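Protein chains in written order, with the working numbering: chain A, 1042 to 1276; chain B, 1042 to 1276.
The beta carbon of each residue, even a glycine, is placed where N, CA and C say it ideally should be.
Note that the structure is a prediction, hence the values are computed from the model and not measured.
Below: the structure, in structure tokens.
Number of protein chains: 2
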Amino acid sequence: MSERVVPEPQRRRRRPTKQGVVLSAELIIDTALRLVEQHGAEALTVRRLGAALGADPSAVYRYFHSTDDLLLALADELIGRAQDGWRPTGDWRADLRAIGLRIHSAYLAHPQAALLAAHRTTGRSHETAAVEAILGVLRTAGFPDPEAVRIYHAFVDQSLGFAALDAAALALPAAAADADLRVWQACYARLDTTTHPHIAATAHLLTTDMRRSGYPYALDLLLDAAAARLPAEAR
Amino acid sequence: MSERVVPEPQRRRRRPTKQGVVLSAELIIDTALRLVEQHGAEALTVRRLGAALGADPSAVYRYFHSTDDLLLALADELIGRAQDGWRPTGDWRADLRAIGLRIHSAYLAHPQAALLAAHRTTGRSHETAAVEAILGVLRTAGFPDPEAVRIYHAFVDQSLGFAALDAAALALPAAAADADLRVWQACYARLDTTTHPHIAATAHLLTTDMRRSGYPYALDLLLDAAAARLPAEAR
DNA sequence: TGTTCTCCGTCAACACCGCTGACATAATCT
DNA sequence: AGATTATGTCAGCGGTGTTGACGGAGAACA
């Protein structure tokens, strides 16, 4: 039944639902993102989405082939939002740092979508724009092409990897997320000094540090290492 | 009904199932891993697991409180396999590199399971052993505790993030994986020079580099940056 | 050996999920 | 005004995780 989806630009008849709502792909995407944001990861189901829209759940399938299709659309939206309003400053390090943090937080704002979409290569316009921007920063900074590509690869995959990892933590059902966090206090903080001396010695640091994302620090490490590889004549 | 789970060491009565199988937590974990490996992540349902075991699906709940509980056990098993047989050499950089690559490849050996498990904190024995080992390497090398903990955090999450990312690529259905790869050749290699000059200039490098995992290079960058932060008196 | 106790595998059922084919009707076109 | 058809609605399929009740098999003790 995939053929019932009509591409958005060709839509002509917009029949209101019983509850008087006029649907559109954009409205569905916005509603879905709001649903995830307000009611947690597990709220994004077709039935609840239908209820939130004020329409029969199956109406969603007039706009997206499947929930996966909807999630890819959400992902494209997220990439767009991450890049939205960004302009290069000319300082390659600050620029890369800003892009990385933008990607990370854009995905984290919608963990459920991020989880399912972070590892896809879409080739759509928002993605290619981001790739072009990052490569541009690196090549303009003076990295030779082979090095620029390797750093680009490491940078992007690190950003997406951390985004997916941290999104996964947020996307967990509340109970599981609680459990994950409490492991550090209830388990790691109480390990025996003789069997786990290094954990015992740093337990207080671990329990506070593991509450935050490791991404900003990891990003700084990557930028440090990249800076050290920048050819001397480019500095 | 969480109380019906009896810890493995206290189990005394092992009644065979109707099909004559004697259950155990270990058997269930092995079967689950095999199931995921052979039939993909979506095959890991309680009902299919029961069928694969030769037991009623609900019997699984006598060994694990929930599917999430089972997943954590799977995650710990993978960590254990990654650490299996590893011994520190005394060279902190080589040791960390070895551990990172081991984690990465252990997860990639079971991509579908890795996808589900990479982002969980288990607090179980194999995990604590790995944490202890990594912290030991860093502290023995001479990193002060706060720095050791931050580097530990970045190192572990980077390894797991890349593992999940690369596992996701391997776990895709063959058709989708082909499509993802072809995006680089069919889409990025053909972008206009005027709209995407940087991509166009490096397309040949991109198409070959994006075929590999970016993890080894990203790991080297992280180790470079860590080495630069090692206190002078410790070198 | 016989009895009791209780562990644990089985069963049926609940509430939810994604998704589909058939249907009805309102919005557009001729 | 009438025909067409896009699209919202409905009922329902086959799946999911999970649970409470039940009963038979193993162990423990006499």
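Subject >> Contact belief for B:F1184 with B:I1192 at Cβ below 8 Å, rounded distance in angstroms >> reply: 6 Å
Original post:
Under the three-state reduction of DSSP, which class applies to B:P1129: helix, strand or coil?
Top reply: coil
Original post:
So B:L1264 is in the alpha helix (DSSP H); what residue range does that whole segment cover?
Top reply: Y1256 to R1270
Subject >> Pairwise C-alpha distance: B:Y1229 and A:R1165 >> reply: 10 Å
Subject >> Minimum length 4: unbroken alpha helix (DSSP H) runs contained in the segment 1146-1170 of chain A >> reply: 1152-1158
Original post:
Applying the criterion that 16 or more other CB atoms from any shown protein chain within 10 Å of the CB defines a buried residue, is A:E1049 buried or exposed?
Top reply: exposed
Original post:
Are B:A1269 and A:A1266 touching if we call contact CB-CB under 9 Å?
Top reply: yes
**OP:** Identify, in the order they occur along the chain, each residue of the same chain with its Cβ nearer than 7 Å to the Cβ of A:A1073, setting aside the five sequence neighbours on each side.
**Re:** L1085, L1090, L1111 and L1115
**OP:** Look at the alpha carbon of B:H1194 and the alpha carbon of B:S1254, and state the distance between them as a whole number of angstroms.
**Re:** 21 Å
Original post:
Does the segment 1169-1176 of chain B come close enough to the segment 1231-1241 of chain B that 3 or more CB-CB pairs lie under 8 Å?
Top reply: no
**OP:** Tell me whether the beta-carbon of A:A1082 lies closer than 9 Å to the beta-carbon of A:A1212.
**Re:** yes
**OP:** Check whether the segment 1051-1068 of chain B touches the segment 1130-1142 of chain B, counting contact only when three or more Cβ pairs, one atom from each stretch, lie closer than 8 Å.
**Re:** no
Original post:
Does the beta-carbon distance from A:Q1226 to A:A1171 come in below 9 Å?
Top reply: no
Subject >> Reference B:T1181; option with closest CA among A:I1240, A:L1157 and A:A1147 >> reply: A:I1240
**OP:** Can you have a look at B:R1161 and say buried or exposed, based on whether 16 or more other CB atoms are within 10 angstroms of its CB?
**Re:** buried
Original post:
Out of A:H1080, A:Q1153 and A:P1098, which has the shortest C-alpha to C-alpha gap to A:Q1060?
Top reply: A:P1098
Original post:
Do you know offhand how far B:F1105's Cα is from B:V1224's?
Top reply: 42 Å
Original post:
By DSSP, does A:R1223 sit in helix, in strand, or in coil?
Top reply: helix
Original post:
How would you call B:T1130, buried or exposed, if buried means at least 16 neighbouring beta carbons within 10 angstroms?
Top reply: exposed
Subject >> Beta-carbon contacts of B:A1158 that lie in its chain and below 7 Å, excluding the five residues immediately before and after >> reply: L1112, L1115, A1116 and L1119
Original post:
Does A:L1111 get closer than 9 Å to chain B when you measure Cβ to Cβ?
Top reply: no
Original post:
What does a CB cutoff of less than 6 Å around A:R1128 pick up in its chain, not counting 5 residues either side in sequence?
Top reply: none
Subject >> Range of the contiguous alpha helix (DSSP H) that encloses B:Q1199 >> reply: D1186 to A1212
Original post:
Using a Cβ-Cβ distance under 9 Å, would A:H1145 count as near chain B?
Top reply: no
**OP:** Would you decide whether B:P1057 is buried or exposed? Buried here means 16 or more other CB atoms lie within 10 Å of its CB.
**Re:** exposed
Original post:
For A:V1063 and chain B, any beta-carbon pair shorter than 9 Å?
Top reply: no
Subject >> B:P1152 beta carbon less than 9 Å from that of B:A1093 >> reply: no
Subject >> Assumed close pair B:L1201, A:L1206 - CB separation to whole angstroms, cut-off 8 Å >> reply: 6 Å
Original post:
So what's B:R1055 in DSSP terms, helix, strand or just coil?
Top reply: coil
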